[in-house]
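Worksheet for the structure shown next.
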């Protein structure tokens, strides 16, 4: 690996971490689309900042552009508060207007500088190593590495300091307010950090990828954990993984790095969406099937408990009596046998003492309306699940 | 009940988009009562609580807690919001939610430590939810979620408790468990204010009641003022509730 390659991967990884942190809270606050709005509407801020500073990496430019991001949020909320349009409509109204103002400004004034629409949309990560930061003549690395590195450090310090406040106001705004943690301050703090991160990342990875790096890792992590800290860590790991593997994908395909990273993020989400252990589509389908069979099993056991008559308990007639198809009766019968809930004597099915105990308890829970307890009980009684 | 006034509301008016939801409310809540706030939907019951707690800004009027503004008395007040006001899919556990009740006493930046965790565990124990402490909150039933919210208020160890419909969507067992805890709080001298919907249970659960419908209709001891006259004034229809057997 050349130095430039390492630097590109390092920049991409730092951007990924810096995006994953605010992104996690945006996803939990159901504000994913706000990041899209911010990433586009900071353009006029960047252009104005560039006119003033003539330097795309100047801190003043970053602050000015971030301010446009916060103004976007304020405008969206203001329009929404009038009650005339819904939030998504308000977002859709505000950011294209601000973005197009930026586009017009570039076309009129900045045609001859390194600021073109393509770079704005997808960034130019491959060029990042060429723009070096010189401190009294000494090359200390690419400028964008320093920019995003500084933003990341600030983000991490803020996260560690205000983790509790962020969590509380994200989960329960009302309680946060009543305890004296102003949700408004925290909201705008998060919006400011998101805006600054977006501006800092934007030059390297472009407007579209910033959104992908904020939302996709957090959405993927959300499917895998029920713990906020783990969700943050998973988001960061997914972000870094996508950044590095996306870089090599681009290398192999000789394609856009930003595009490749976004593609990896999408694929990663798809994989987790399908195969996540609890919330994944396949796990959910499997669980539903299991529950269907176990409800049938319980119905079957209740039937046995209710009927002493032998003709009601004859293997061959069972399906007629409970009105089930053969396949289902067979599955349920086998499951009951495997779990030692029943015995079959001369083709007559009877409950074992274990089956009887299970059924009695289940009836108790059903009568007292505590059906949820049956689920817990299954762990004690079942050797095999449906 | 003592003679002290726990909560005093003066000329409170709150409006959403220029439409008054609460109109010129004057209300004194004595220390040590277990009070129901009743009124039809849209009467401003939740709004009243939220305005006292500084969650909503009134357009006129003032609120004091033991004679001082709410900002100075935060630590004396605990709040149980409506269960539906939060996202129960949030990635966190029962214990963690209860620990949030200690954040107020911690202030900004400081994190909960062993002491706060211990207090949270004790509160979980009080509401019978200790076995569920590590459960992700979406895996709890509606009644269990409500108990978690109650535990979160208990951990604040406040003097005044505001609760917004704590009995909504809970089963009978949980309702009894909750009301017993509320009665215990009153016994230990706390003031408990509950937005309540089920008029039938008012005389059994509460000793104080406020009728509200945008304006304050009446407030006082249940045995004196919980009658058909006030119910009719509040609900606008000819209301008949047999309150005493």
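Chains as they are written, first to last, in our numbering: chain F, 1 to 386; chain A, 1001 to 1245.
Beta carbons are placed, not taken as given, at the ideal position from N, Cα and C, and that holds for glycine.
Nothing here was measured: the structure is a model prediction, and the numbers come from that model.
Query: Figure out for me which residue from 1034(A), 1024(A) and 1047(A) has the closest Cα to the Cα of residue 1006(A).; Result: 1034(A)
Query: In whole angstroms, what separates the C-alpha of residue 23(F) from that of residue 255(F)?; Result: 26 Å
Query: With 8 Å as the limit, tell me which residues of the segment 327-340 of chain F have their beta carbon closer than that to any beta carbon of chain A; keep them in chain order.; Result: none
Query: So with Cβ pairs under 9 Å, would you call residue 377(F) a contact of chain A?; Result: no
Query: Quick check on the burial criterion: 16 or more other C-beta atoms within 10 angstroms. Buried or exposed for residue 16(F)?; Result: buried
Query: Listing by chain order, which chain F residues have their CB less than 7 Å from the CB of residue 1086(A)?; Result: 171 and 172
Query: Could you say if the segment 49-57 of chain F and the segment 73-83 of chain F meet the contact criterion of at least three C-beta pairs nearer than 8 Å?; Result: no
Query: Of all the options 1085(A), 1038(A) and 1022(A), which has the alpha carbon lying nearest to the alpha carbon of residue 1051(A)?; Result: 1022(A)
Query: For residue 1024(A), tell me which candidate among 1198(A), 1094(A), 1225(A) and 1213(A) has the shortest Cα-Cα distance.; Result: 1213(A)
Query: State the start and end residues of the unbroken beta strand (DSSP E) segment that holds residue 313(F).; Result: Residue 313(F) -> no beta strand (DSSP E), and no H or E assigned at all.
Query: Measuring alpha carbon to alpha carbon, tell me which residue in 377(F), 20(F) and 170(F) is nearest residue 1100(A).; Result: 170(F)
Query: List the DSSP bridge partners of residue 1220(A).; Result: 1209(A)
Query: Does any C-beta atom of chain A lie closer than 9 Å to the C-beta of residue 231(F)?; Result: yes
Query: Mind checking the segment 1127-1157 of chain A against chain F and listing, in chain order, the residues whose C-beta falls within less than 7 Å of any C-beta there?; Result: 1136 and 1141
Query: Within 10 angstroms of the Cβ of residue 292(F), are there 16 or more other Cβ atoms? Answer buried if so, exposed if not.; Result: exposed
Query: Going by Cα to Cα distance, which pick from 335(F), 336(F), 339(F) and 302(F) is closest to residue 321(F)?; Result: 302(F)
Query: In the segment 1066-1114 of chain A, which residue ranges form an unbroken beta strand (DSSP E) of at least 3 residues, counting only runs that do not cross its ends?; Result: 1077-1080
Query: List, in order along the chain, the chain F residues whose C-beta lies closer than 7 Å to that of residue 1081(A)?; Result: 172, 174 and 175
Query: Report the residue ranges of all alpha helix (DSSP H) runs contained in full by the segment 156-192 of chain F; include only those spanning at least 4 residues, in chain order.; Result: 173-179
Query: Pull the bridge partners of residue 286(F) from the DSSP assignment, please.; Result: None, per the DSSP bridge assignment.
Query: Need the endpoints of the beta strand (DSSP E) that residue 1018(A) sits in, please.; Result: Where residue 1018(A) is concerned, there is no enclosing beta strand (DSSP E), given that its DSSP letter is neither H nor E.
Query: Considering residue 359(F), what are the terminal residues of the alpha helix (DSSP H) in which it resides?; Result: 353-367
Query: For the alpha helix (DSSP H) containing residue 276(F), list its first residue and its last residue.; Result: Where residue 276(F) is concerned, there is no enclosing alpha helix (DSSP H), given that its DSSP letter is neither H nor E.
Query: Quick check: is the beta carbon of residue 1066(A) nearer than 9 Å to any beta carbon in chain F?; Result: no
Query: For residue 55(F), which of helix, strand or coil comes out of DSSP?; Result: coil
Query: With a threshold of 9 Å between beta-carbons, can residue 1097(A) be considered close to chain F, or not?; Result: yes
Query: For the beta strand (DSSP E) that contains residue 132(F), what are its first and last residues?; Result: 132-135
Query: Name the chain F residues whose beta carbon is nearer than 9 Å to that of residue 1161(A)?; Result: Chain F residues near residue 1161(A): none, gap ~12 Å exceeds 9 Å.
Query: In the segment 217-229 of chain F, which residues sit with their C-beta less than 8 Å from some C-beta in chain A, listed in chain order?; Result: 222, 225, 226, 227 and 228
Query: For residue 1113(A), would you say it is in contact with chain F, using Cβ-to-Cβ distances shorter than 9 Å as the test?; Result: no
Query: When you compare the CB of residue 294(F) with every CB in chain A, is at least one pair closer than 9 Å?; Result: no
Query: Residue 1191(A) by DSSP, collapsed to three states: which one?; Result: strand
Query: Return helix, strand or coil for residue 1134(A), following the three-state DSSP convention.; Result: coil
Query: Using a Cβ-Cβ cut-off of 9 Å, state whether residue 159(F) counts as contacting chain A.; Result: no
Query: Residues in the segment 1016-1035 of chain A with C-beta within 9 Å of chain F's C-beta atoms, listed in sequence order?; Result: 1017
Query: Let me check one thing: in DSSP terms, what residues is residue 342(F) bridge-paired to?; Result: 351(F)
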